[in-house]
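Participant: Residue numbers (the numbering used here): 1295 to 1589. Cβ atoms here follow ideal geometry from the backbone N, Cα and C, with glycine treated the same way. On a predicted model such as this, the values are computed, not experimentally measured, just so you know.
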Amino acid sequence: KCPLNYNEKLKSQNELDSSLDLWSRVDVQTCTKWGAPIMWEGTFDPGDFDRHHIQKRTSVALTVFAIGRYLEVYLKEFLKSAEQYFMVELPVTYYIFTDIPEFVPKVKLMKQRHMKVIQVKNQKRWQDISMLRMKTIADFIESHIQHWHQYIFCFDVDQVFVGRFGSEALGETVGLLHAFYYRSHVKDYTYDRNPESAAYMVTGDFYYHAAIFGGTWQGVKNITEFCHQGIMKDKEKNIEALWHDESHLNKYFWLHKPSKVLSPEYCWSTIIGFRFDIRVHRLLWATKFYDILRT
Ligand code: UDP
Ligand code: MN
């Protein structure tokens, strides 16, 4: 069993996590060295988590940004597939941040599921669109989410759910192993290597993918505020971290270890091809059209 020693505030969630059968997968790492579970197919009973969170009346916020052409290209498939696979047993509210609210597609939602559209400004550079999400999410947790939801998950829009993405993913702070790096050596992780940047790192535990992160509203508030502060410090110096918000997220999780880690099953890329340890696909990267989307 995983020697859970992290500070998980919800005691019974902690008990649930420590009930994971971490030895049922010997082909992959199922526990971090600080005792957080790494969620792989076969190590948990989905029903246990669902029953726990239904009983707790857990409510989940999902944030997604669809600015400029990303709205027409990705949002509809993202939402339709989320309705099929994302925390389907629980009340979920989608918070869609966009510059063109009137173009948000009409998607039929199940019972207990809601959608709210929030208008935000476009930015000239895609890097700024990506990075500014941290500030927008932090502010929105403060003004809204903390009053309505215990948990929040933040997603890139250029991906599609294809399998269960359920309540087993909930935890105090949750990071995702990047599909391209989960088997790489730490020296090959693409951390920011500029000592001037707030995101600068020499070494680390994993390479986390910023396309998905989540946690309790308190946990995600800490993550997003930290990242935003780092981004602003860099801007004052006229520098930018190598992978923008993702570099700062990696720095956060190095200094403040996540209480739960998601395996790359939770955000897989078919470009990588077949891997024995990837037993299910839960979310897949959509095709990137950088030539038309990043002008
Ligand atoms: N995004 C957006 N409009 C843009 C650029 C980015 O809405 O013009 C949002 C969108 O949610 C996207 C995320 O920011 O998924 C991160 O950008 P992107 O997915 O292009 O980065 P990548 O995953 O390729 O590193
Ligand atoms: Mn993306």
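Taking the alpha-carbon positions, what's the K1481 to F1547 distance?
Facilitator: 17 Å
Participant: Counting pairs of beta carbons, one from the stretch 1488-1498 and one from the stretch 1398-1413, are three or more of them closer than 8 Å?
Facilitator: Using a Cβ-Cβ distance cut-off of 8 Å, the stretch 1488-1498 and the stretch 1398-1413 are not in contact, since fewer than three pairs of beta carbons, one from each stretch, lie closer than that value.
Participant: With DSSP as the reference, label T1564 as helix, strand or coil.
Facilitator: helix
Participant: Report whether the distance from the Cβ of D1311 to the nearest heavy atom of the ligand MN is below 6 Å.
Facilitator: no
Participant: Report the three-state DSSP secondary structure of T1430 (helix, strand or coil).
Facilitator: helix
Participant: DSSP on F1391, reduced to helix/strand/coil?
Facilitator: strand
Participant: Who's in the neighbourhood of the ligand MN, going by beta-carbon under 6 Å from any heavy atom, listed in chain order?
Facilitator: Cβ-based neighbours of the ligand MN within the cut-off: D1450, D1452 and A1505.
Participant: Kindly indicate which residue of R1576, R1588, C1325 and H1408 has the alpha-carbon position closest to the one of S1461.
Facilitator: R1576
Participant: Assuming Y1502 and L1536 are in contact, meaning their beta carbons sit under 8 Å apart, how far apart are those beta carbons, in whole angstroms?
Facilitator: With a Cβ gap of about 14 Å, Y1502 and L1536 do not count as contacting.
Participant: Mind checking whether the beta-carbon of Y1364 lies closer than 6 Å to any heavy atom of the ligand SAM?
Facilitator: With respect to the ligand SAM, the structure offers nothing, as its ligand set consists of the ligand UDP and the ligand MN.
Participant: Can you give the Cα-Cα distance for G1498 and S1424, rounded to whole angstroms?
Facilitator: 23 Å
Participant: In this structure, how does DSSP classify A1376 when only helix, strand and coil are distinguished?
Facilitator: helix
Participant: Would DSSP call F1397 helix, strand or coil?
Facilitator: Helix at F1397.
Participant: Work out the CA separation of F1500 and P1489 for me, nearest whole Å.
Facilitator: Roughly 19 Å separates the two Cα atoms.
Participant: Between H1522, R1573 and Q1378, which has its C-alpha nearest I1431's C-alpha?
Facilitator: H1522
Participant: If you compare alpha carbons, which of V1354, A1330, H1479 and K1531 is closest to V1382?
Facilitator: Nearest option by C-alpha distance: V1354.
Participant: Determine the closest residue to K1551 out of W1328, W1317 and V1320, with distance taken between C-alpha atoms.
Facilitator: Nearest to K1551 by alpha-carbon distance, out of W1328, W1317 and V1320, is W1328.
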